[in-house]
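Take a look at the structure below.
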Amino acid sequence: MLIDNYLNKFKTVSKGIINLMMRIDKILCDIVAKMLAKAFDEICKHRGYEASLPLVEEWINDDNPNVIRAVTEGLRIWTSCPFFKENPLVAIALIAKHKAHESEYLRKSVGNALRDISKKHAELIRQEVQQWDLSYPRVLFTYKLAAKLLK
Numbered sequence: 000m001l002i003d004n005y006l007n008k009f010k011t012v013s014k015g016i017i018n019l020m021m022r023i024d025k026i027l028c029d030i031v032a033k034m035l036a037k038a039f040d041e042i043c044k045h046r047g048y049e050a051s052l053p054l055v056e057e058w059i060n061d062d063n064p065n066v067i068r069a070v071t072e073g074l075r076i077w078t079s080c081p082f083f084k085e086n087p088l089v090a091i092a093l094i095a096k097h098k099a100h101e102s103e104y105l106r107k108s109v110g111n112a113l114r115d116i117s118k119k120h121a122e123l124i125r126q127e128v129q130q131w132d133l134s135y136p137r138v139l140f141t142y143k144l145a146a147k148l149l150k
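Just so we're aligned, residue 0 is where the sequence shown starts under numbering that gives the first Met the number 0, counting upward by one.
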């Protein structure tokens, strides 16, 4: 119960921080984004990654690209986290859904997170990116990052 109260306060404060960081200088923005990503991972680690899946899904489906990026960055390397280590396809599906997002900042994070996963699960990433329509510039941008280590 205590962790749920903390989580609700964290979410409210985090969204406020995200709105604030959109108005401040780039360096500070990056620092705040890294802190938010790290805090998100710590909450998931404390609660358990599998138990945190509803929270991960909620944040990864948020409208704000900075909230989504907190998840994609916070859980890197996704397949080192206990639940996602055993379920890499879940991680891939959650991350890849934003391959064509309008935010280049988010797409870069998506591509890098998928590239990280490709180090241990190259075939799974290959299967994922083979389904992508590379005629869309946004998807192509993400593909170049995600497929960088694939041969």
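Backbone N, C-alpha and C fix where the C-beta goes; we use that ideal spot for every residue, glycine too.
Is the beta carbon of residue i sitting closer than 7 Å to the one on residue j?
| i | j | result |
| --- | --- | --- |
| ILE94 | LEU123 | no |
| TYR48 | PRO81 | yes |
| LEU74 | ASP40 | yes |
| ASN111 | LEU133 | no |
Going by other Cβ atoms of all chains shown within 10 Å of its Cβ, with 16 needed for buried, is residue i buried or exposed?
| i | result |
| --- | --- |
| SER79 | exposed |
| HIS45 | exposed |
| GLU72 | buried |
| LYS150 | exposed |
| LYS119 | exposed |
| TYR142 | buried |
Ignore the nearest five residues each way along the sequence and tell me which others in residue i's own chain have a CB closer than 7 Å to its CB.
| i | result |
| --- | --- |
| ALA90 | TRP77, THR78, PHE83, ILE116 |
Excluding the five sequence neighbours on either side, which residues of its own chain have a C-beta within less than 6 Å of the C-beta of residue i, listed in chain order?
| i | result |
| --- | --- |
| GLU127 | ILE91, ALA95 |
| ALA146 | VAL128 |
| PHE140 | ARG106 |
| SER51 | CYS43 |
| ALA69 | LEU35, ALA36, PHE39 |
| SER102 | PRO64 |
| GLU85 | none |
Whose C-beta lies closer than 8 Å to the C-beta of residue i among residues of the same chain, with five residues either side of it excluded?
| i | result |
| --- | --- |
| HIS100 | PRO64, ILE67, ARG106, VAL109, ARG137 |
| LYS14 | ASN63, VAL66 |
| LYS33 | GLU72 |
Taking Cβ positions only, does residue i come closer than 7 Å to chain B?
| i | result |
| --- | --- |
| GLU56 | No chain B is present in this structure, which holds just one protein chain. |
Check each candidate in the options and name the one with the smallest Cα separation from residue i.
| i | options | result |
| --- | --- | --- |
| CYS43 | LYS118, VAL55, SER102, PHE140 | VAL55 |
| HIS97 | PRO53, TRP58, ARG125 | TRP58 |
| ALA121 | GLN130, LEU148, TYR104, TYR135 | LEU148 |
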